[in-house]
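Numbering (this note's numbering), first residue to last: 648 to 1166. All residues carry an ideal CB built from backbone N, CA and C; glycine is no exception. Notes to accompany the following structure.
Structure, rendered in structure tokens:
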């Protein structure tokens, strides 16, 4: 090998030295400033079996980048300051999520900040080559728990239908069903969400490695989504049948979970094995020879631009955590004058005789709460209850809208809830309807949220309004409003009484909440 050839083989690496140094600096700053967000992701990987695959994502991404080394060696990094725009947008999204404690948005924003940093320092051509490895980082975000309720419903539907086809009598009540041999219930672990998320993560990687056409890749990812859902239904059905045929001796304890993972492993193996039948291979990519001196000269000329882009990147990345830290140090004040007891309006009074104990929703972290029973003085109709829980400084005390809070209560295993749709209360206001079952009680409940003076049933609208209020220097005041009535032999009459009180009391409750908000 002559000197010219040796120089050409070494110089492309030298072209990358300064860009890689700048990238490491900016990535280091990003990791330090958003360390709490990244740490929360790792904590979830550690605590939840659903997301333990998160530990593999970064090594997989690094390996995929290594596979691209020959293509990258033929490129010359070129900083692109257009990346500052998505970096600023992601920083804004992170700030809004931080101010109102929306974990998933924070984690997505911090994760997407890494590809944006790579784009800023190394440029569009490099990012185009690394688009899949950078996008694959999104699987590190522990996201998907919102799928648990619909997957539980599907698993229950599938199992009951399959058992009926088998000819075995079965009685279903919500997510619980009973066979002659025993009782079963679909719990969160039966939803199959862990199988679904693992399948999609592995299937996406497999499709990228094994196929080259977009159509085949998308088709395999679709199979990776559908297969675990159907397989989980089959798994649940087979567990029920094993338990039934064995007189509940098998498939009712730890072997229940062991069988689930073995069955899932077999399904994934078969899916991948069938996928090899349509495998597509490309010829390996080799770096193209180039003029090393010219590449070095061009890289040297770009050093000022690289330094400017890196400095601007540091400023943009720093702005979001700095602003949120400043905002979160502000004292938004205590919640005062919410009051106690039931909200009384014309035509309603406190009950004279003892009635059944007042009920409270399973929502935590409220700064103040108020509620109780009211009745019509004439004695007609059923007693009606109302409960208001007021929230402020949710980043510090806890969020109203989140996984922890449900009407039945996450920590109250003896209560269950079932959504029954929604109901109109007039003037464009709607409430969500729920049937709540507890020890010896059954309640009909209407739930809606108040945030910054507006009423809504949408958790997403609640968070957006809270974030905008905080971002503009205001408070994140919000409240949970629940109207409820005991469900007796005449649910239509009970709900009619509930509507009568809710429509009369709602304007007064809103005025009261507005006064609390301005104090």
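Residue j beta carbon less than 8 Å from that of residue i
i	j	result
residue 919	residue 882	no
residue 722	residue 773	yes
residue 996	residue 1022	yes
residue 746	residue 1123	yes
residue 1009	residue 1078	no
residue 1167	residue 790	The structure shown does not extend to residue 1167, since the chain is modelled only from 648 through 1166, so no value can be given for it.
residue 875	residue 833	no
residue 952	residue 982	no
residue 1112	residue 1098	yes
residue 728	residue 966	no
residue 1005	residue 1032	yes
residue 1076	residue 1102	yes
residue 1026	residue 1062	no
residue 971	residue 742	yes
residue 735	residue 963	yes
residue 886	residue 847	no
residue 719	residue 807	no
residue 1125	residue 1038	yes
residue 1142	residue 1083	no
residue 1144	residue 1072	no
residue 677	residue 761	yes
residue 693	residue 841	no
Inter-residue Cα distance where the pair is residue i and residue j
i	j	result
residue 674	residue 781	13 Å
residue 1012	residue 978	17 Å
residue 892	residue 805	19 Å
residue 1089	residue 1153	24 Å
residue 733	residue 1016	41 Å
residue 702	residue 708	11 Å
residue 756	residue 1059	33 Å
residue 819	residue 826	9 Å
residue 1131	residue 1095	12 Å
residue 1140	residue 1028	8 Å
residue 1081	residue 926	50 Å
residue 664	residue 769	11 Å
residue 860	residue 713	22 Å
residue 758	residue 740	12 Å
residue 1107	residue 749	10 Å
residue 890	residue 1133	37 Å
residue 959	residue 731	8 Å
residue 988	residue 1148	15 Å
residue 1065	residue 800	11 Å
residue 869	residue 863	10 Å
residue 829	residue 809	17 Å
residue 767	residue 1116	31 Å
Residue-chain proximity (residue i, chain D), Cβ-Cβ < 8 Å
i	result
residue 1032	Included in the structure is just one protein chain, with no chain D present.
Beta-ladder partner(s) of residue i, from DSSP
i	result
residue 1130	1033 and 1093
residue 1084	1063 and 1089
residue 887	Paired residue(s): none; residue 887 is not in a bridge.
residue 1022	996
residue 1098	1101 and 1125
Simplified DSSP assignment, three categories, for residue i
i	result
residue 745	helix
residue 664	helix
residue 1103	strand
residue 993	coil
residue 1016	strand
residue 1004	coil
residue 1125	strand
residue 948	No answer about residue 948 holds up, because its pLDDT of 49 lies below 50 and its placement is not dependable.
residue 982	coil
residue 1027	coil
residue 938	Note that residue 938 scores a pLDDT of 47, beneath 50, so its modelled location is shaky; the value from the coordinates is reported in the next line. The answer is coil: DSSP assigns residue 938 none of H, G, I, E or B.
residue 960	helix
residue 1119	coil
residue 726	coil
residue 976	coil
residue 1148	helix
residue 922	helix
residue 987	coil
residue 1154	helix
residue 894	coil
residue 955	helix
residue 880	helix
Task: Secondary structure, alpha helix (DSSP H): runs of 4+ residues fully inside the segment 764-845 - done: Within the segment 764-845, the complete alpha helix (DSSP H) segments at least 4 residues long are 771-776, 778-783 and 795-813, listed from N- to C-terminus.
TODO: Please list the segments of the beta strand (DSSP E) lying wholly inside the segment 1034-1080, counting only runs of 3 or more residues, in order along the chain.
DONE: Taken in chain order, the whole beta strand (DSSP E) runs of length 3 or more contained in the segment 1034-1080 are 1063-1073.
Task: Within the segment 659-723, ranges of the alpha helix (DSSP H) (whole runs, at least 4 residues) - done: Runs of alpha helix (DSSP H) with 4 or more residues, each lying fully within the segment 659-723, are found at 664-680, 682-694, 701-714 and 716-720, listed in chain order.
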